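> Residue numbers (full-length UniProt numbering): 1 to 345.
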């Protein structure tokens, strides 16, 4: 009983920076005097627990070179094991390390917990709706993470991609934060040369080099990092990774497109209500299906295969919907100049 309570106390000290004696007593269901005895027992085992006295006093588990191995409770062990099994494979060379870490945890678990974990037999299946995330070099992650923490200015070459071209540009950036969205890694950073904030795809960063300079504090333009990353016009995958890729003009504000478009889409605000969207899919019909989910009128700009697919899909809808008049059929399918096709009402 005492040993279990001591392990629970250690777990609480590891999960929070500071604890009051009263707070620990309430969580453990014991008296403050018992907490003090258990704290002394942890110190005897080699855990450096510091304490401050007085009404606002607290206990803290200090870091040190002689700190014994980390101890986790049953729920934490399960959380770690499940996370290792379901983590997205977007970092190069981490697959084997992940398996070894999972095996190490399994070997250390007590029998009752090992049996419980065995009931979670998880196998990830590839999602046909999404492209596999590009692989990221862990060394690049380490460099950028360190630079962001130490406020080190970095220089790199960045590749911007659209349907027609690829362009490399030199960037002198203040790294702020690493973000993962749908398995894709982004660096939120301030470009000193262009005097603007950007979300850079890590798989497009080349020739990263540190500088001898550091930068000061700077406020991010949007407190919501998720909203900032999603609002970036060029946030998608390389166009040639999808077999079908097209461009449309959507009667929908760019702010809504940014929120609901798939991560593999890129967009450009034409005005307050019109947005040009570039999007890919595994078939032309699937691409049209994505676009229709916006429930907005759109004009297909190209390529010809998407225009042809739009005509065929609209023709099938005319046949399948019972009772519309010929006039309503013609209204739903109005060819534009240059062979473009406008979607139905």
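We put the beta carbon where it would ideally sit given N, CA and C, even for glycine. What you are looking at is a predicted structure, and each value in this text was computed from that prediction instead of being measured.
What are the boundary residues of the beta strand (DSSP E) that includes residue 116?
Careful: residue 116 lies outside any beta strand (DSSP E), inside the alpha helix (DSSP H) at 111-118.
> Judging by CA-CA distance, which residue of 53, 160, 8, 189 is the nearest neighbour of residue 152?
Nearest of 53, 160, 8, 189 to residue 152, Cα basis: 189.
> Straight-line CA distance for residue 260 to residue 194?
Residue 260 and residue 194: Cα-Cα distance of roughly 28 Å.
> Nearest to residue 248 by alpha carbon, out of 214, 224, 303?
Among 214, 224, 303, the Cα nearest to that of residue 248 is on 303.
> At the level of alpha carbons, what is the spacing between residue 256 and residue 22?
Those two C-alpha atoms are separated by around 49 Å.
> Compare the Cα-Cα distances from residue 7 to each of 111, 74, 298 and report the closest residue.
The candidate whose alpha carbon is nearest that of residue 7 is 74.
> Considering only C-alpha positions, which residue in the set 204, 184, 219, 148 is nearest to residue 230?
Out of 204, 184, 219, 148, 184 has the C-alpha closest to the C-alpha of residue 230.
> For residue 15, does the three-state DSSP call read helix, strand or coil?
Helix.
> Which of helix, strand or coil does DSSP assign to residue 270?
Of the three classes helix, strand and coil, the one that applies to residue 270 here is coil, per DSSP.
> Which of the three DSSP states is assigned to residue 293 in this structure?
If DSSP states are grouped into helix, strand and coil, residue 293 belongs with coil.
> Cutting at 7 Å between CB atoms, please list the residues of its own chain near residue 41, excluding the five before and the five after it.
The residues are 6.
> Below 6 Å CB to CB, which residues in the same chain sit around residue 50 once its five sequence neighbours on both sides are set aside?
Around residue 50: 60, 62.
> Give the secondary structure of residue 197 by DSSP, where H, G and I count as helix, E and B as strand, and everything else as coil.
Residue 197 falls in the strand class under three-state DSSP.
> Can you tell me where the alpha helix (DSSP H) holding residue 229 begins and where it ends?
225-230 is the extent of the alpha helix (DSSP H) around residue 229.
> Using a Cβ-Cβ cut-off of 8 Å (strictly less than) and excluding sequence neighbours within five positions of residue 67, which residues of its own chain qualify?
Residue placement at residue 67 cannot be trusted, given a pLDDT of 46 that sits under 50; the coordinates are not used to answer.
> Whole angstroms is fine: what's the gap from residue 20's alpha carbon to residue 53's?
Cα-Cα distance, rounded: 10 Å.
> What residue from 38, 172, 262, 106 has the CA that sits closest to residue 10's CA?
If we check each option's Cα against that of residue 10, 38 comes out closest.
> Can you tell which of 215, 170, 222 has its C-alpha closest to the C-alpha of residue 209?
Checked all of 215, 170, 222; the closest Cα to residue 209 is 170.
> Check the DSSP bridge columns for residue 143 and list the partner residues they point to.
According to DSSP, which records beta bridges pairwise, residue 143 is partnered with nothing at all.
> Does at least one heavy atom of the ligand ATP sit under 7 Å from the Cβ of residue 172?
The ligand ATP is absent from the structure shown, which contains no ligand whatsoever.
> Specify, as a first and last residue, the run of the alpha helix (DSSP H) that residue 25 falls within.
Where residue 25 is concerned, the enclosing alpha helix (DSSP H) stretches over 21-28.
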